[in-house]
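Here the structure is laid out as structure tokens; the discussion comes afterwards.
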Amino acid sequence: MPNTSTGPFTPPPGCVPGRPPSRVDAPAVSRLTTDALKGVAILGVLLSHYVYHEIGNQPMLVSALNGYLGLFFVISGLGIEASLERRLAQGVTFPAVGRFYLERALRIYPAYYLGLWTMVAISGKPYGLAAYTGYISPYWFITSILHCYAAAPLFHSMLGRLGPGRFTALVTLAALGLNLVYQVWLPPLDEPWLSLVVYKNILLGHLLFFAWGMAMYRTRKTAVDAPQNTLSSASGLRGWVAFVLCLPFAGLLASTTLSPLVKAVSAVLYYLMLLATARAAFEGRLPLPTKRLLCAIGRATLLIYLFEPYYYFFVGARILTPGALSTPFLYALTLSVFILLCIVAQPAFDLLARLPFRLRPRS
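For the sequence shown, UniProt numbering puts the final residue at 363, and the numbers step up evenly by one.
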């Protein structure tokens with residue numbers, strides 16, 4: 001089984017005076033692994049949109065295919081904790097936190113504004129100021145990830161004080177308690193498949209996954225610093241079982257016949273299966289096929305997510321015919337071209353995010 005770790009962790013501020021630690025040395029999990037998991041998640045989203053638009057009336061299937069969306073937040077939490085540990089090595093200071101928020105904004109807002117302006121150009125309906133902040137957005141994922149970024153410094157401080165174990169227990173109990181309240185006492189949503197917004201728009205699960213990812217970074221860093229040979233065929237099998245069982249439990253959340261209590265239990269099992277899946281992948285016990293291709297797709301996740309609605313606007317309404325035998329083949333062909341265009345365009349947005357720091361005069 002290949003080892004996905006990047007080698008011993010290099011603690012901040014680095015061994016070269018005046019130079020930040022290498023991005024390659026900082027993570028306790030291979031960037032190839034995290035990007036490949038993003039690729040898995042975004043492909044599930046695309047397939048769920050195909051089912052919703054072209055097949056319809058399959059809420060449990062749509063919910064199941066969206067099940068791996070939680071991986072985005074786990075991976076983001078892991079990467080953000082690595083960044084904050086470097087940035088805040090000397091303590092939580094305003095300049096360090098400000099730079100963290102600036103870096104996140106440069107990675108999110110250029111592509112987000114381009115997507116928003118495209119939507120305005122097509123619909124002819126301008127958005128208010130709140131939409132431009134992203135905190136009330138037509139893109140739920142943007143809103144959710146910005147909530148996570150806003151909470152990240154606080155989570156980082158809590159993680160340092162409590163340690164990974166107690167921190168994870170605290171945020172898990174809080175999120176699951178709110179989840180239970182939502183499922184049992186709050187009125188149901190208008191559209192049944194949106195039951196999965198328990199971790200989307202209601203600030204419950206996506207913050208839970210993000211906090212789990214931050215704690216998993218600390219745990220993985222410790223494991224890399226003091227490696228132990230714990231891999232076995234049984235542990236690898238458990239990882240694949242969790243990978244497969246995520247989807248049925250996610251699908252049950254959209255059921256209109258189950259009782260609220262059963263759906264709450266399904267949500268808990270989904271959370272646990274997703275956590276086990278991420279953990280198995282981070283530890284190298286869940287090798288993904290075509291990993292480099294998934295990695296390329298995962299790196300372009302934001303562009304794919306933002307512009308896939310316009311792909312449907314131009315292609316779905318003009319080329320795809322619901323129910324026709326040719327539709328799945330045309331969908332696969334045109335969507336592959338769309339994904340390739342996003343992959344090709346992604347480096348330009350990466351450069352745009354780094355450019356202000358490269359142009360800054362060196363001290």
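C-beta atoms are modelled at their ideal positions from N, C-alpha and C, and glycine is treated no differently.
All figures in this text were calculated on a predicted structure; none of them were measured in a lab.
Beta carbon of residue i nearer than 8 Å to that of residue j
| i | j | result |
| --- | --- | --- |
| P59 | A254 | yes |
| L116 | A105 | no |
| M273 | E81 | no |
| L306 | A111 | yes |
| A250 | Y270 | yes |
| G316 | H156 | no |
| Y311 | T118 | no |
| R107 | A353 | yes |
| L286 | S266 | no |
| V262 | L176 | no |
| E308 | L46 | yes |
Residue i versus residue j - alpha carbon distance
| i | j | result |
| --- | --- | --- |
| R220 | L288 | 19 Å |
| L303 | F94 | 31 Å |
| K125 | L146 | 24 Å |
| S123 | F313 | 11 Å |
| R23 | F100 | Caution is warranted here: a pLDDT of 40 is assigned to R23, below 50, making its placement in the model unreliable, and the coordinate value is therefore given only provisionally. If you take the alpha carbons of R23 and F100, they lie about 15 Å apart. |
| L247 | I55 | 19 Å |
| N229 | W140 | Bear in mind that a pLDDT of 48 at N229, under 50, signals an unreliable position, so the number given afterwards is only what the model happens to contain. Those two C-alpha atoms are separated by around 41 Å. |
| C342 | A300 | 6 Å |
| V244 | L65 | 11 Å |
| I339 | R161 | 42 Å |
| L37 | I319 | 30 Å |
| R358 | L351 | 10 Å |
| residue 371 | V120 | Outside the shown range of the chain, which is 1 to 363, sits residue 371, and nothing can be said about it. |
| E283 | K291 | 15 Å |
| L78 | L173 | 20 Å |
| L180 | L170 | 16 Å |
| H49 | V62 | 7 Å |
| T222 | V29 | 11 Å |
| residue 414 | A96 | The structure shown has nothing for residue 414, since the chain only spans 1 to 363. |
| H206 | T321 | 35 Å |
| L32 | A41 | 14 Å |
| T133 | Y127 | 11 Å |
Assigned exposure category for residue i - 16 Cβ within 10 Å defines buried
| i | result |
| --- | --- |
| R86 | buried |
| I136 | exposed |
| L237 | exposed |
| P138 | exposed |
| T143 | buried |
| S195 | The predicted position of S195 is uncertain, since its pLDDT is 40 and thus under 50; no value can be drawn from it. |
| L102 | exposed |
| P164 | buried |
| A324 | exposed |
| P356 | exposed |
| S76 | buried |
| S83 | buried |
| L333 | exposed |
| G98 | exposed |
| L159 | buried |
| L335 | buried |
Would you call the region 272–282 and the region 67–74 touching, i.e. three or more CB-CB distances under 8 Å?
yes
Inspect the CB distances between the region 341–349 and the region 293–310 and report whether three or more fall short of 8 Å.
Short answer: they touch.
Are at least three pairs of beta-carbons, each pair with one atom in the region 147–156 and one in the region 207–221, less than 8 Å apart?
yes
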